[in-house]
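Right, here's the structure in full:
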């Protein structure tokens, strides 16, 4: 390429990908400039400086030590603490050189896990490593149940990490029933008017909010806070508390305990007290008002839809299509490759549990499939009713415990 110099004197820009290995190994693609063993680099995500102790080029399991790597090369770094998608540079104005961050979709399935052994050190190390190397893998502790929950992009995705815990960290875990990550939304407009009033002597609580919620529309999953107050009934210093109350209410919907999406919250008016009004009171009033309005606004669910590709011998096509139709699968395209049929389909994730076993049975072990997340779409009424009922049952069990 004319004018190209691999080791041009430009500020380094490198893109990182943490990997699973017996060592702390990070692959980096050099986008600009060069990198040398012993260099001190800056991670533009967290502004942390790191030194490169060893630089190698890999070929399968073979490694070749390098003194330097330039633009266009892919090399591996040892002993670097980072996450996949991080940008490294030696520039002083690092933020101007940062690469565009990875698009990381929200997890679509969750799984409660419990280490079999009492030693939690290996478990913590495994979780820490998995979250660094895979942005689509999430981990949290459920605040209500105390369960340790892994989330990811599919049943197989999480099964792989469960197996890796056992194989690489000698940390077998017990797993609960997989849970699909639905989202809650509303189908119509609903008004709210709520007054929080607790004045029994001493410091009280007083806050009133009035307005409405409605679907954002056009398939948008964005949540919008729209302040249309024109008077002084609500002092301006409480507007941020009202917005915080709305944002906190979005985290767990009243229908099935799922995150809420695609809702516009419009604040029209309210009430305040010179002494007893506070940010805490307005936040609490807003959360209560939002919950009441949400239940009046025809609440529903969005379910994750997956792109599914199935490859099977042609003789089994009828049985497999029938099985997937029962799982609400829709054929989008079908092609023939030699004696095999490849079908591209769209199917709800919630109906795909156990499909791998069924496919092996239907095709005498000759069928295979792959899935990836497509989008969330409105769920049918029977799914909404089932998921809501399961949520209520979990709440009742928590009360008993």
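Residue numbers (UniProt numbering): 1 to 401.
The beta-carbon is built from N, C-alpha and C at its ideal position, and this holds for glycine as well.
Using C-beta distances below 8 Å, list every residue in its chain close to residue 381, excluding the 5 sequence neighbours before and after it, in chain order.
Sequence index remark: in the chain shown, residue 381 carries index 381 (1-based). So the list is empty, once near-sequence residues are dropped.
- Task: Give the range of the beta strand (DSSP E) segment to which residue 45 is assigned.
- Result: Start at 1 with the first residue of the chain shown, and residue 45 comes out as number 45. Counting along the chain, residue 45 falls outside any beta strand (DSSP E), and DSSP gives it neither H nor E.
**Message:** Spatial neighbours of residue 244 within its chain, please: C-beta separation below 7 Å, excluding the five flanking residues on both sides.
**Reply:** Taking the chain shown and counting its residues from 1, one reaches residue 244 at position 244. Contacts found: 283.
**Asked** DSSP state of residue 21, grouped into three classes?
**Response** Stepping through the chain shown from its first residue, residue 21 is reached at position 21. Reliability of the predicted coordinates at residue 21 is poor, the pLDDT of 49 falling under 50, and the value obtained from them is presented with this limitation in mind. Three-state result, residue 21: coil.
Alpha carbon of residue 387 to alpha carbon of residue 308, nearest angstrom
Locating residue 387 in the chain shown gives position 387, counting from the first residue. Locating residue 308 in the chain shown gives position 308, counting from the first residue. Cα to Cα, the separation comes out at about 23 Å.
task = Assign residue 281 to one of three DSSP states: helix, strand, or coil.
result = Counted from its first residue, the chain shown places residue 281 at position 281. DSSP places residue 281 in helix when its eight states are reduced to three.
What are the start and end residues of each continuous alpha helix (DSSP H) run of 4 or more residues lying completely inside the UniProt domain "Elongation factor EFG" (300 to 387), in chain order?
-> 317 to 326, 355 to 363
#### Entry: Contained alpha helix (DSSP H) runs [length at least 4] in the segment 140 to 169, N- to C-terminal order
155 to 169
query: Where does residue 260 land, buried or exposed, given buried means 16+ other C-beta within 10 angstroms?
result: Numbered from its first residue, the chain shown carries residue 260 at position 260. Buried, by the Cβ-count rule.
*Compute the beta-carbon to beta-carbon distance between residue 185 and residue 262, rounded to the nearest angstrom, for a pair I have assumed lies under 8 Å.*
For the purposes of this step, residue 185 is taken as residue 185 along the chain shown, with counting starting at 1. For the purposes of this step, residue 262 is taken as residue 262 along the chain shown, with counting starting at 1. Yes, they are in contact, since the Cβ atoms of residue 185 and residue 262 sit about 5 Å apart, within 8 Å.
Exposure label - residue 86; buried when at least 16 CB within 10 Å:
Along the chain shown, one-based indexing puts residue 86 at 86. Per the 10 Å Cβ criterion, buried.
Worksheet item: Would you report the Cα separation of residue 325 and residue 170, rounded to the nearest angstrom?
Response: Locating residue 325 in the chain shown gives position 325, where the first residue counts as 1. Locating residue 170 in the chain shown gives position 170, where the first residue counts as 1. Cα-Cα distance, rounded: 41 Å.
Please classify residue 230 as buried or exposed, where buried requires at least 16 other C-beta atoms within 10 Å of its C-beta. Residue numbering aside, residue 230 sits at position 230 when the chain shown is read from its first letter. Residue 230 comes out exposed.
Less than 9 Å between the beta carbons of residue 293 and residue 379, yes or no?
Locating residue 293 in the chain shown gives position 293, where the first residue counts as 1. Locating residue 379 in the chain shown gives position 379, where the first residue counts as 1. No, Cβ-Cβ distance for residue 293 and residue 379 is not below 9 Å.
#### Entry: DSSP state of residue 190 mapped onto helix, strand, coil
By one-based count along the chain shown, residue 190 stands at place 190. Three-state result, residue 190: strand.
Cross-strand partners of residue 66 (DSSP beta bridge):
Residue 66 sits at position 66 when you count from the first residue of the chain shown. Answer is none; residue 66 lacks a bridge partner.
C-alpha distance - residue 151 paired with residue 359, whole-angstrom precision: By one-based count along the chain shown, residue 151 stands at place 151. By one-based count along the chain shown, residue 359 stands at place 359. One C-alpha to the other measures close to 25 Å.
Exercise for the section: Could you check which residue in 219, 113, 264 has the C-alpha nearest to that of residue 211? Expected result: Taking the chain shown and counting its residues from 1, one reaches residue 211 at position 211. Ranking 219, 113, 264 by Cα distance to residue 211 puts 264 first.
Residue interval of the alpha helix (DSSP H) (run including residue 60)
If you number the chain shown from 1, residue 60 lands on position 60. No alpha helix (DSSP H) contains residue 60, which DSSP labels as neither H nor E.
Taking residue 287 as the reference, give the member of 254, 74, 34, 318 with the closest Cα. Position 287 of the chain shown holds residue 287. Of 254, 74, 34, 318, the residue nearest in Cα terms is 254.
request  = Look up residue 78 in the DSSP assignment and say whether it is helix, strand or coil.
outcome  = Taking the first residue of the chain shown as position 1, residue 78 is located at position 78. Looking at residue 78 - three-state DSSP - the assignment turns out to be strand.
With contact counted as at least three CB pairs below 8 Å, one residue from each stretch, are the segment 148 to 167 and the segment 102 to 113 in contact?
-> yes
Quiz item: If residue 52 sits next to residue 37, beta carbons under 8 Å apart, how far is it from one beta carbon to the other, in whole angstroms?
Solution: Translated into the one-based positions of the chain shown, residue 52 becomes position 52. Translated into the one-based positions of the chain shown, residue 37 becomes position 37. That pair is a contact at about 6 Å.
If we call anything under 9 Å between Cβ atoms a contact, is residue 312 one with residue 363?
Your numbering for residue 312 matches position 312 in the chain shown. Your numbering for residue 363 matches position 363 in the chain shown. Yes. Within cutoff.
Exercise. Excluding sequence positions up to five away, which residues of its chain have a Cβ less than 6 Å from the Cβ of residue 234?
Worked result: Your numbering for residue 234 matches position 234 in the chain shown. Cβ within range, chain order: 270, 272.
Figure out for me which residue from 213, 357, 351 has the closest Cα to the Cα of residue 181. Locating residue 181 in the chain shown gives position 181, counting from the first residue. Answer by Cα proximity: 351.
Q.
Counting C-beta neighbours from all protein chains within 10 Å, is the total for residue 277 16 or more, i.e. buried, or is it exposed?
A. Residue mapping note: residue 277 aligns to position 277 of the chain shown, counting from 1. So residue 277 ends up on the buried side.
Output the distance between the C-alpha atoms of residue 162 and residue 172, rounded to the nearest integer angstrom. The residue you call residue 162 lines up with position 162 of the chain shown. The residue you call residue 172 lines up with position 172 of the chain shown. Taking the straight line joining both Cα atoms gives about 7 Å.
Our contact map puts residue 66 next to residue 26 with C-beta atoms below 8 Å; I'd like the distance itself, whole angstroms only.
The residue given as residue 66 occupies position 66 in the chain shown. The residue given as residue 26 occupies position 26 in the chain shown. Contact doesn't hold; Cβ gap of about 14 Å is too wide.
Worksheet entry | Burial state of residue 314 (16 or more Cβ within 10 Å) | Residue 314 sits at position 314 when you count from the first residue of the chain shown. Label assigned to residue 314: exposed.
Query raised in the report: For residue 69, which residues from the same chain have a beta carbon less than 7 Å from its beta carbon, with the 5 sequence-adjacent residues on both sides left out?
Result: Residue numbering aside, residue 69 sits at position 69 when the chain shown is read from its first letter. The answer, listed in chain order, is 30, 34, 35, 55, 75.
### Message
Quick check on DSSP: helix, strand or coil for residue 208?
### Response
Numbered from its first residue, the chain shown carries residue 208 at position 208. If DSSP states are grouped into helix, strand and coil, residue 208 belongs with the strands.
- Query: In its own chain, which residues sit with a C-beta less than 6 Å from the C-beta of residue 319, not counting the 5 before and 5 after it?
  - Reply: For the purposes of this step, residue 319 is taken as residue 319 along the chain shown, with counting starting at 1. Counting only Cβ-Cβ distances below 6 Å, and skipping sequence neighbours, we find 362.
Check your understanding: Should residue 60 be labelled buried (16 or more other beta-carbon atoms within 10 Å of its own) or exposed?
Key -> Here residue 60 is taken as the residue at index 60 of the chain shown, counted from 1. Exposed.
Short check: CB of residue 384 to CB of residue 300, under 9 Å? In the chain shown, counting from the first residue as 1, residue 384 sits at position 384. In the chain shown, counting from the first residue as 1, residue 300 sits at position 300. Closer than 9 Å, so yes.
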